[in-house]
């Protein structure tokens with residue numbers, strides 16, 4: 038899987054709505070999809086019937102239209118992709134929660150009954166990313182922050198990551214921070230731990246090549262505009 042992950046990291050995600058929907062899930066390498074909120078928001082309004090009652094309530098609770106559109110696009114597209122992978126009506130896709138890796142409670146990673154495919158969702162600005170895999174997977178996308186924000190938040194990273202970012206010219210540090218942060222978020226989403234684990238604990242690297250924690254493959258994604266993205270997949274050892 039490692040080589041295929043590296044190859045995928047050099048390409049943009051597959052863009053939802055461009056071409057036929059995927060075939061039913063039959064295993065193989067991870068798939069990462071992207072969708073631009075601005076291009077899909079109108080269709081997502083018509084797709085609101087796909088969402089369940091709790092999802093519709095969550096969408097309606099957003100005060101800003103841009104946040105409501107982003108949520109609705111992300112969850113409508115997730116349902117459409119899972120519907121295709123599971124060969125069922127997108128509105129019939131059921132979600133469960135895996136056990137929390139910290140306490141064992143029923144509030145871990147979202148999943149579908151039967152577990153496959155594993156999936157992860159992330160959104161930022163105008164982009165939504167969705168990842169699917171045979172093993173636990175996490176994906177993250179972030180807008181590259183201002184140099185001031187990057188400098189402030191970088192203080193919580195792993196010491197080696199802080200050193201790598203600090204060694205760069207000032208004009209490159211925000212990109213390096215965003216690259217590191219998305220790798221870290223993707224890994225922690227994949228494990229189900231999330232930010233219950235401090236960002237200073239696991240080293241994923243801020244340089245050109247990600248450092249996959251033991252048992253995981255981490256890869257960057259090439260995205261348009263001022264965005265950084267990454268995904269992490271648990272490897273079968």
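Numbering (this note's numbering), first residue to last: 38 to 274.
Backbone N, C-alpha and C fix where the C-beta goes; we use that ideal spot for every residue, glycine too.
Keep in mind that this is a model prediction, so the values were computed, not measured.
Around the beta carbon of residue 104, fewer than 16 other beta carbons lie within 10 angstroms, which makes this residue exposed. As computed with DSSP, residue 160 is found in a beta bridge with 165. Counting every other CB atom within 10 Å of its CB across the protein chains shown gives residue 217 a total of 16 or more, marking it as buried.
Taking 8 Å as the cut-off, the Cβ atoms of residue 130 and residue 107 do not count as close. Sixteen is the threshold: when 16 or more other Cβ atoms of the shown chains lie within 10 Å of the Cβ of residue 260, as they do, the residue is buried. In terms of CA proximity to residue 241, 215 leads the group 273, 215, 229, 233. The C-alpha of residue 116 lies about 43 Å from the C-alpha of residue 206. Under the 10 Å beta carbon count, residue 136 is surrounded by fewer than 16 other beta carbons and is classified as exposed. By the Cβ rule, the segment 68 to 88 counts as touching the segment 48 to 58, because three or more pairs are nearer than 8 Å. Apart from the 5 residues on each side of it in sequence, residue 184 sits with its Cβ closer than 6 Å to the Cβ of 211 in its chain, given in chain order. Proximity to residue 246 across 56, 196, 201 peaks at 201, based on C-alpha coordinates. By the Cβ criterion, the segment 186 to 201 is not in contact with the segment 153 to 160, since fewer than three pairs of Cβ atoms, one from each stretch, lie closer than 8 Å.
If one requires a minimum length of 3 residues, the beta strand (DSSP E) runs lying completely within the segment 93 to 170 are 155 to 161, 164 to 170, in chain order. Counted as a single uninterrupted DSSP element, the alpha helix (DSSP H) harbouring residue 225 occupies residues 210 to 228. When beta bridges are read from the DSSP output, residue 270 appears opposite 174, 254. Looking only at 151, 121, 126, 111, the smallest Cα-Cα distance to residue 177 is reached by 111. For residue 74, the enclosing alpha helix (DSSP H) starts and ends at 74 to 83.
In the pairwise beta carbon analysis, the segment 165 to 181 is classified as touching the segment 227 to 242: at least three pairs are separated by under 8 Å. Residues 130 of the same chain have their beta carbon placed closer than 6 Å to that of residue 119, with the five preceding and five following residues left out of the count.
Beta-bridge pairing by DSSP links residue 180 to 264. For residue 267 against residue 254, the beta-carbon gap comes to about 11 Å, at or over 8 Å, which does not count as contact.
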